[in-house]
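Colleague: Our numbering numbers the first residue of the sequence shown as 73 and each following residue consecutively.
In this text, a Cβ means the ideal position worked out from N, Cα and C, and glycines have one as well.
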Amino acid sequence: MILLFYLVFYLFLAGMFVLTMYMLLLTLDDYKPTWQDRLVTPGMMIRPKGDQLEISFSVSETESWDGLVQNLNTFLSPYNDSYQVQTNDNCPPDQYFIQEDSGEVRNNPKRSCQFNRTMLEDCSGMLDRFYGYSSGQPCVLIKLNRVIGMLPGKDAQSPFVSCGAKYEDSDKIGALAYFPPNGSFNLMYYPYYGKKAQVNYTQPLVAVKFLNVSLNTDVNVECKINSNTLSVGSERDKFAGRVSFKLRVNSK
C-alpha cells in the first residue's frame, strides 16, 4: 500500500509539473520575449576580439597581426555589398524602420536595412586589405549589443560613438577617424525585432581608425555611445553604453 501511495503521489507531482510547463509555454511568444528585464542602455563590444579586451601587435611582424586581420575578414563577410543588396532593403536614413503587426496577423519575416561593407571606407578591408595593421594605423570595429524594440534616438538624431584615451594616456592616442564619417548607428537599423522575426538583420557598425597612436606603449582606450535617449553607465552596470580596451602598437 505504501508503494502504491508513493507511485500515485509522484505521478501526481509529475502531472502537475507537465501541466504547469504546458501552461507556461502557452504564454510565450515565438518571436519576442514575453517579459524583458534589461538595462536601459545596451553594452558595446569591439572587433577584432581576443580572449581579453586587448589588441597588441608589432607592425614589422606580420604574424602578430595576421590573426587580427583574419578575424575582421570573417566578421565582415556578411556585410559584403553583393550579399546585402540581395537580402536587405535600401532604406531612407535618419528614421526608424517601423514594421508593425496587424492585430494577431504577424508581419513576419520582417525586412532589414542594408549595412554595406564599403560604408566602413578605410576600415572596410576593401581599400586596405590589412585594415591599417601593417602600417601601425589599426582599425577597430564597434557594435552596440542587440536589444529587441530599442529606440536609441529621437528627433531624427542617430546615436554616435566617440572614443578617447583614459586620462593618463591622453597624450598617446593621437588623431582618430570614424567610419561612417559621423561615427553613427543610423536610426534606420532600429528597432530590432529579434533573430526569428528579422532573420536577415545586419547589425550596424562603427569603425575607429587610430591614425598616429604612440608606439611601444600601452594606451587605454574608452569608446562610448552618445544619444539623446540612452544614458552611459548605470547603477546596475557602469559599463553600459561603453567599452574599454587596451591598444599597443609596437614598432618591432
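DSSP on Met95, reduced to helix/strand/coil?
Modeller: Here the question's residue 95 lines up with position 23 in the sequence shown. Residue state, collapsed to three classes: helix.
Colleague: Which residues mark the beginning and the end of the alpha helix (DSSP H) in which Asn145 is found?
Modeller: If you number the sequence shown from 1, residue 145 lands on position 73. Here the alpha helix (DSSP H) through Asn145 covers Thr134 to Leu148.
Colleague: Report the residue from Arg178, Tyr151 and Tyr205 whose alpha carbon sits nearest the alpha carbon of Ser132.
Modeller: Within the sequence shown, the letter at position 60 stands for residue 132. Ranking the options by Cα distance to Ser132, first place goes to Tyr205.
Colleague: Have a look at Leu283 and Gln158 and give me their C-alpha separation to the nearest angstrom.
Modeller: The count along the sequence shown starts at 1 and reaches residue 283 at position 211. The count along the sequence shown starts at 1 and reaches residue 158 at position 86. When rounded, the distance between both Cα atoms is 34 Å.
Colleague: For Asp227, does the count of other Cβ atoms within 10 angstroms reach 16, so buried, or fall short, so exposed?
Modeller: In the sequence shown, residue 227 corresponds to position 155, counting from 1. With fewer than 16 Cβ atoms within 10 Å of its Cβ, Asp227 is classed as exposed.
Colleague: What are the boundary residues of the alpha helix (DSSP H) that includes Ser154?
Modeller: The residue labelled residue 154 in the question sits at position 82 within the sequence shown. Ser154 -> alpha helix (DSSP H) spans Asp153 to Thr159.
Colleague: Do you know offhand how far Ser196's Cα is from Thr113's?
Modeller: Taking the sequence shown and counting its residues from 1, one reaches residue 196 at position 124. Taking the sequence shown and counting its residues from 1, one reaches residue 113 at position 41. Roughly 27 Å separates the two Cα atoms.
Colleague: Under a three-way DSSP split, which group does Arg201 fall into?
Modeller: Position 129 of the sequence shown, counted from the first residue, corresponds to residue 201. Three-state result, Arg201: coil.
Colleague: In chain order, what residues of the same chain have a beta carbon less than 7 Å from the beta carbon of Asn258, not counting five sequence neighbours either side?
Modeller: For the purposes of this step, residue 258 is taken as residue 186 along the sequence shown, with counting starting at 1. Correct list, in chain order: Pro165, Asp166, Ser230 and Pro276.
Colleague: Below 8 Å between beta carbons: does that hold for Asn288 and Ser256?
Modeller: What you label residue 288 is simply residue 216 of the sequence shown in a count that begins at 1. What you label residue 256 is simply residue 184 of the sequence shown in a count that begins at 1. The answer is no: Cβ separation not under 8 Å.
Colleague: To the nearest angstrom, report how far apart Lys318 and Ser128 are at their CA atoms.
Modeller: Numbered from its first residue, the sequence shown carries residue 318 at position 246. Numbered from its first residue, the sequence shown carries residue 128 at position 56. Computed Cα separation, rounded: 8 Å.
Colleague: Work out the CA separation of Tyr168 and Tyr262 for me, nearest whole Å.
Modeller: Locating residue 262 in the sequence shown gives position 190, where the first residue counts as 1. Locating residue 168 in the sequence shown gives position 96, where the first residue counts as 1. Distance between the alpha carbons of Tyr262 and Tyr168: 6 Å.
Colleague: Count the other C-beta atoms from every protein chain shown that fall within 10 angstroms of the C-beta of Lys268, then say buried if there are 16 or more, exposed otherwise.
Modeller: In the sequence shown, the residue the question calls residue 268 occupies position 196. It counts as exposed.
Colleague: Should Phe187 be labelled buried (16 or more other beta-carbon atoms within 10 Å of its own) or exposed?
Modeller: The sequence position of residue 187 within the sequence shown is 115, counting from 1. Flag for Phe187 reads buried.
Colleague: Name the one or two DSSP bridge partners that Ser256 has.
Modeller: On the sequence shown, residue 256 is found 184 positions in, with the first residue counted as 1. BP columns for Ser256 point to Phe232.
Colleague: In whole angstroms, what is the alpha-carbon distance linking Ile297 and Met117?
Modeller: Here residue 297 is taken as the residue at index 225 of the sequence shown, counted from 1. Here residue 117 is taken as the residue at index 45 of the sequence shown, counted from 1. Cα to Cα, Ile297 sits roughly 11 Å from Met117.
Colleague: Ends of the beta strand (DSSP E) at Asp290?
Modeller: In the sequence shown, counting from the first residue as 1, residue 290 sits at position 218. Note, Asp290: beta strand (DSSP E), Asp290 to Asn298.
Colleague: Report the residue from Leu192, Asn217 and Cys211 whose alpha carbon sits nearest the alpha carbon of Asp153.
Modeller: Within the sequence shown, numbered from 1, the residue matching residue 153 stands at position 81. Nearest of Leu192, Asn217 and Cys211 to Asp153, Cα basis: Leu192.
Colleague: Quick one: what does DSSP say Tyr82 is sitting in, helix, strand or coil?
Modeller: As a working note, residue 82 is residue 10 in the sequence shown. Reduced to three states, the DSSP call for Tyr82 is helix.
Colleague: Return the bridge partner residues of Ser206 from the DSSP annotation.
Modeller: Here residue 206 refers to the residue found at position 134 when the sequence shown is read from its first residue. Answer by DSSP bridge pairing: none, since Ser206 is not bridged.
Colleague: Between the Cα of Glu294 and the Cα atoms of Arg178, Phe311, Met88 and Gln270, which residue gives the shortest distance?
Modeller: If you number the sequence shown from 1, residue 294 lands on position 222. For the residues Arg178, Phe311, Met88 and Gln270, the minimum Cα distance to Glu294 belongs to Phe311.
Colleague: Out of Val219, Tyr239, Cys235 and Gly221, point me to the one whose CA is closest to Cys211's CA.
Modeller: Here residue 211 refers to the residue found at position 139 of the sequence shown. That would be Cys235, whose Cα lies nearest to the Cα of Cys211.
Colleague: Rounded C-beta distance between Lys281 and Ala249? I'm assuming under 8 Å.
Modeller: By one-based count along the sequence shown, residue 281 stands at place 209. By one-based count along the sequence shown, residue 249 stands at place 177. Contact holds; Cβ gap of about 4 Å.
Colleague: Only counting the same chain, and skipping five residues up and downstream in sequence, which positions put a Cβ closer than 6 Å to that of Met260?
Modeller: To locate residue 260, count along the sequence shown from 1; it is residue 188. Counting only Cβ-Cβ distances below 6 Å, and skipping sequence neighbours, we find Cys163, Pro165, Phe169 and Cys185.
Colleague: Hey, could you find the ends of the beta strand (DSSP E) Met116 is sitting in?
Modeller: Here residue 116 is taken as the residue at index 44 of the sequence shown, counted from 1. Met116 to Arg119 is the extent of the beta strand (DSSP E) around Met116.
Colleague: Could you give the DSSP three-state label for Glu126: helix, strand or coil?
Modeller: Residue mapping note: residue 126 aligns to position 54 of the sequence shown, counting from 1. Three-state result, Glu126: strand.
Colleague: What is the C-beta distance between Leu125 and Ser242, in whole angstroms, given that I count them as a contact (C-beta under 8 Å)?
Modeller: Against the sequence shown, residue 125 aligns to sequence position 53. Against the sequence shown, residue 242 aligns to sequence position 170. So it is not a contact: roughly 19 Å between Cβ atoms.
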